[in-house]
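Student: This is the structure I want to talk about, given as structure tokens.
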Amino acid sequence: MTEFSEKVFDAVIKIPCGRVTTYGQIAIICGHKGAFRAVGSTLHKNPVFGMIPCHRVVNSKGELAENYVFGGKEVQKNLLLEEGIEFSEEYVVNMRKHFWFG
DNA sequence: CTCTTGACGCACA
DNA sequence: GTGTGCGCCAAGA
Numbered sequence: 008m009t010e011f012s013e014k015v016f017d018a019v020i021k022i023p024c025g026r027v028t029t030y031g032q033i034a035i036i037c038g039h040k041g042a043f044r045a046v047g048s049t050l051h052k053n054p055v056f057g058m059i060p061c062h063r064v065v066n067s068k069g070e071l072a073e074n075y076v077f078g079g080k081e082v083q084k085n086l087l088l089e090e091g092i093e094f095s096e097e098y099v100v101n102m103r104k105h106f107w108f109g
């Protein structure tokens with residue numbers, strides 16, 4: 008557990024319910040605005056989903072990263088819907104309304 | 001210690 | 001508005 012990963016997790020955990028953010032935003036919060044790659048890499052190795060609500064983390068387009076899924080994209084979509092997040096597309100959240108800025 | 005990969009983002013054509 | 005290329009940082013082999 009490095010300082011970087013801690014900040015990443017902390018930032019993701021701080022994302023309020025019904026709100027989503029982007030990798031870039033998290034990277035900025037961590038102090039490494041160019042580390043969005045590392046953010047994804049670190050979160051990918053995230054052990055427990057209950058500890059890190061990674062389903063609230065989307066790419067700059069606001070769409071779900073179709074390559075990570077912990078239990079299925081539908082599961083993630085359902086989780087976001089449960090939080091009251093609206094979807095612009097089948098797997099693209101309306102970040103316009105739900106984007107979270109630390 | 002060095003090289004490659006990775007849940008990405010932005011600039012340019 | 002769409003397609004391609006380059007750059008960023010960290011972790012794993």
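The opening position of the first sequence corresponds to residue 8 in my numbering, with each subsequent residue numbered one higher.
Glycine included, C-beta positions come from ideal geometry on N, C-alpha and C.
(1) For VAL67, report the span of its alpha helix (DSSP H) as first-last.
(2) Tell me the residue span of the alpha helix (DSSP H) that contains PHE111.
(3) Cα-Cα, which of GLU70, ALA34, GLU81, LYS21 is closest to GLU96?
(4) Are the CB atoms of VAL27 and LYS68 nearer to each other than 9 Å?
(5) Check whether the region 84-91 touches the region 38-51, counting contact only when three or more Cβ pairs, one atom from each stretch, lie closer than 8 Å.
(6) Out of CYS24, MET8, GLY38, point me to the one whose CA is closest to VAL64's CA.
Tutor: Judging by the given coordinates:
(1) In the first sequence, residue 67 corresponds to position 60, counting from 1. Per the sequence shown, the amino acid found at residue 67 is Ser instead of Val. No alpha helix (DSSP H) holds SER67; DSSP gives it neither H nor E.
(2) As shown, the chain starts at 8 and ends at 109. That puts residue 111 outside it, with no answer to give.
(3) The sequence position of residue 96 within the first sequence is 89, counting from 1. Residue GLU70 is the option with its Cα nearest to GLU96.
(4) Residue numbering aside, residue 27 sits at position 20 when the first sequence is read from its first letter. Residue numbering aside, residue 68 sits at position 61 when the first sequence is read from its first letter. Contact: no.
(5) no
(6) Your numbering for residue 64 matches position 57 in the first sequence. Checking every option, the nearest Cα to that of VAL64 belongs to CYS24.
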